[in-house]
Amino acid sequence: MKDSDTAGIFTERLEQNLQKNSGWQQRDYLGLSHVTRHSCKRRMYFEAFAEYSEMPAVNGLSKCREGYVLERDLQEQIKEAGFELRLMGQEFLPFPGFKKIRFHIDGLLRIDGIWYLLEIKHRNNHKFIKFLQEKIPNETYDQVQGYLHFLRPPRFNPPVNRAMLLVKNIETGQMAAILLKYNYIVGIKLQKILLEMRKHIEAKRVPERGFEVGAKACKYCPYVGYCGEADEREAEAMAERTVIITREMAMDAGDLGMQGHEWRI
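Under our numbering, the first residue of the sequence shown carries the number 1067, and numbering increases by one thereafter.
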């Protein structure tokens, strides 16, 4: 066997292993991170069904594995530093019994007798500097507030009213922590969105587009193909409804002895 063949087999085996052990999972539910990251409700809907989920490319799998490993390492560091950390990766259901919408937390952290929701993020140097300036992205802030909103009675007792957002600079290794308090207004806003999505998911009714066809936000959406198919089905259904309504109007006109008259709306 040639050296080049050996090297090729070596990298191929590594990529095969990455596909099996990246930490990526085919999702069949809608998570809070997707709700706060994307404003398009149609995209949120597709997130809730495994048939629309496709394994990402190698670079996506690598980022998934790296994020998983870094998160576990930080959790271990927190415990090594003497802090109490519980419920790592614990799953919660915003609506009891409805598993199509759920979320997982990085843990509950106890400091001086007070419990905090722990949320871990890894960012490059540019984004890390913004965190140091307390310029927290809306999607991150809302995600944490969503967790805090549902970690309250009757779902969780006693309630957790604060969060510790721990951010690590993946380029320098520097860490920063930001304390966030529960924001009721943001929590209620997210609850309303989830209630609306639950209705769509239960009825298997695809929501309307969040953007016009060809919009910049759609360019890298992994569901753009399914979205186009949904548009086609909606157009066909609309055409069918139009035919039925036209037929019924014609029948009504016939019953009234009004054939031959032109009807305008």
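Beta carbons: idealized from backbone N, C-alpha and C, even for Gly.
For residue i versus residue j, is the C-beta spacing smaller than 8 Å?
| i | j | result |
| --- | --- | --- |
| Asp1172 | Met1154 | yes |
| Leu1096 | Ile1167 | yes |
| Gly1276 | Arg1109 | yes |
| Tyr1286 | Phe1112 | no |
| Pro1225 | Leu1217 | yes |
| Ile1236 | Asn1204 | no |
| Gln1085 | Leu1127 | yes |
| Ile1202 | Ile1244 | yes |
| Ala1242 | Leu1184 | no |
According to DSSP, residue i sits in a beta bridge with which residue or residues?
| i | result |
| --- | --- |
| His1170 | Glu1157 |
| Ile1254 | In DSSP, Ile1254 forms no bridge with anything. |
| Glu1278 | Note: Glu1278 sits in no beta bridge, so no partner. |
| Leu1231 | Glu1185 and Ile1244 |
| Leu1096 | Ile1167 |
| Ile1180 | Ile1177 |
For a test of the three-state rule: what should DSSP assign to residue i, helix, strand or coil?
| i | result |
| --- | --- |
| Leu1217 | coil |
| Lys1201 | coil |
| His1266 | helix |
| Arg1299 | helix |
| Lys1107 | helix |
| Ile1236 | coil |
| Tyr1248 | coil |
| Glu1150 | strand |
| Val1226 | coil |
| Cys1287 | coil |
| Phe1115 | coil |
| Arg1271 | coil |
| Glu1120 | coil |
| Asn1087 | helix |
| Asn1191 | helix |
| Trp1329 | Residue placement at Trp1329 is flagged as unreliable, the pLDDT there being 32, under the threshold of 50; the coordinate-derived value follows with that caveat. Reduced to three states, the DSSP call for Trp1329 is coil. |
Comparing alpha-carbon positions, which option in the options lies nearest residue i?
| i | options | result |
| --- | --- | --- |
| Thr1206 | Asn1235, Gly1294, Leu1098 and Pro1273 | Leu1098 |
| Arg1119 | Ser1128, Ile1236 and Asp1094 | Before going further, note that residue 1119 is Ser rather than Arg in the sequence given. Nearest of Ser1128, Ile1236 and Asp1094 to Ser1119, Cα basis: Asp1094. |
| Leu1256 | Cys1130, Ser1105 and Lys1187 | Ser1105 |
| Lys1145 | Glu1157, Ile1177, Glu1117 and Gln1156 | Ile1177 |
| Tyr1182 | Val1290, Ala1281, Leu1198 and Phe1149 | Phe1149 |
| Asp1208 | Gln1141, Gln1156, Glu1117 and Tyr1250 | Tyr1250 |
| Val1233 | Gln1141, Gly1294 and Gly1212 | Gln1141 |
| Lys1107 | Pro1219, Tyr1289 and Lys1129 | Tyr1289 |
How close, in whole Å, do the beta carbons of residue i and residue j come, if the pair is a contact with beta carbons under 8 Å?
| i | j | result |
| --- | --- | --- |
| Phe1115 | Arg1264 | Contact flag wrong, Cβ pair sits at about 14 Å. |
| Leu1260 | Val1135 | That belief does not hold up - the Cβ atoms of Leu1260 and Val1135 are roughly 30 Å apart, past 8 Å. |
| Leu1175 | Leu1151 | 6 Å |
| Ala1229 | Val1252 | Going by Cβ atoms, the distance from Ala1229 to Val1252 rounds to 12 Å, so no, they are not a contact pair. |
| Ala1296 | Val1272 | 5 Å |
| Gly1239 | His1188 | Not really, about 11 Å apart at Cβ, beyond 8 Å. |
| Lys1247 | Asn1227 | 7 Å |
| Phe1158 | Phe1169 | 6 Å |
Checking contacts by CB at 8 Å: is residue i closer than that to chain B?
| i | result |
| --- | --- |
| Leu1217 | In the structure shown, chain B does not exist; there is a single protein chain. |
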